[in-house]
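Please read the structure below before turning to the comments.
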Amino acid sequence: MRVLVIYDISDNAIRSKLADDLIRLGLTRIQRSAFMGYINSSRWKDLVRVCQRWCRGPNDVIHIVPLCDYDWRKVRVFGRPYSHKPLGSGVITYV
């Protein structure tokens, strides 16, 4: 499944560890606090555990948004992307 992960973590060290774990899970950074990519069902469980682990502060928040194939095909990127790395299977349109 394709996912979008967006977060607001106040602690720099924790935010960095979360980003490292998201990269380890195969997601690609698309903005400073946003990752996107494809994960299978076992990685989904890992993703949930990682997010639970690093969401510690009273104001911290992490959103995991699953994207179906229909919605994935509608993704458009305007401006200069943060990364040109592949975002899993499928095509992203850069406008």
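Heads up: the sequence shown at position 81 corresponds to 95 in my numbering, and the numbers run straight through without jumps.
The C-beta atom is built at its ideal place from N, Cα and C for all residues, glycine as well.
Please read these numbers as outputs of a predicted model, since none were measured by experiment.
Ranked by how close their Cα comes to the Cα of A33, the residues S56, R67 and N54 have R67 in first place.
Between the stretch 81-99 and the stretch 43-62, the count of Cβ pairs shorter than 8 Å is three or higher; the stretches touch. Between I78 and Y21, the CB-CB gap reaches or exceeds 7 Å.
V89 carries a coil assignment under DSSP once its states are collapsed to helix, strand and coil.
The shortest C-alpha to C-alpha distance from I28 to any of C82, P95, R70 and P80 is the one to R70.
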